[in-house]
Structure formats: C-alpha cells, structure tokens
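In terms of the working numbering, the sequence shown opens at residue 7 and continues consecutively. Data block below; observations after.
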Amino acid sequence: MEYFVMYDNNDNVVCYLDNLDEFLNKYNYQRKEILRKFRNTSSDFINLILENSSYKLYKFC
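Structure follows, in structure tokens:
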C-alpha cells in the first residue's frame, strides 16, 4: 500500500495522503502527470509547483 507525504521547502510536513487519489482530488492535478514524474525520477520524491509555491511529494510503499 502506498501513501504520500507533501513537504514545503523548509521540510515541514504540509499534508499526509493515504493514496494518490486523495492528492489528485485535493490539488486538482492530473494522474498521468504525477505518474510520469515519479517514473522519471531516481529519488523518492518529486517537485511540484502548487499555487505559486514549491513542494516535494514523497511516495512511500
């Protein structure tokens, strides 16, 4: 089971998400884009820009 945690630039937890759908619904992001970003990264997180702020979204398995 996967879960996700989003951090701001100061490594403060912004939110915990039980699944990807929760993130997609909350932030109105496209599933295809998120999956593409995770597939193309060698790290455990991706960088996102939401409402003119930068965040890191970590995926845990």
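Virtual Cβ for every residue (Gly too), placed ideally from N, Cα, C.
Inset, instruction - Measure the C-alpha to C-alpha separation of I52 and M12 and round it to an integer number of angstroms. - result: The residue given as residue 52 occupies position 46 in the sequence shown. The residue given as residue 12 occupies position 6 in the sequence shown. Going by C-alpha positions, I52 is about 10 Å away from M12.
Legend entry - Rounded distance between the beta-carbons of N15 and S60, thought under 8 Å: Working through the sequence shown from its first residue, we reach residue 60 at position 54. Working through the sequence shown from its first residue, we reach residue 15 at position 9. Sure, about 6 Å apart at Cβ, within 8 Å.
Legend entry - Pick from N25, E39, R37 that is closest to E8, judged by C-alpha positions: Numbered from 1 along the sequence shown, position 2 holds the residue referred to as residue 8. Answer by Cα proximity: N25.
Legend entry - Buried versus exposed call for I55 [16 or more other C-beta atoms within 10 Å across all chains shown]: Position 49 of the sequence shown, counted from the start, is the residue given in the question as residue 55. So I55 ends up on the exposed side.
Inset, instruction - State the Cα-Cα distance for the pair Q36 and F44, rounded to the nearest angstrom. - result: Along the sequence shown, one-based indexing puts residue 36 at 30. Along the sequence shown, one-based indexing puts residue 44 at 38. Roughly 13 Å between the two C-alpha positions.
Inset, instruction - Could you check which residue in C21, L41, R42, C67 has the C-alpha nearest to that of K32? - result: What you label residue 32 is simply residue 26 of the sequence shown in a count that begins at 1. Cα-wise, what sits closest to K32 is C21.
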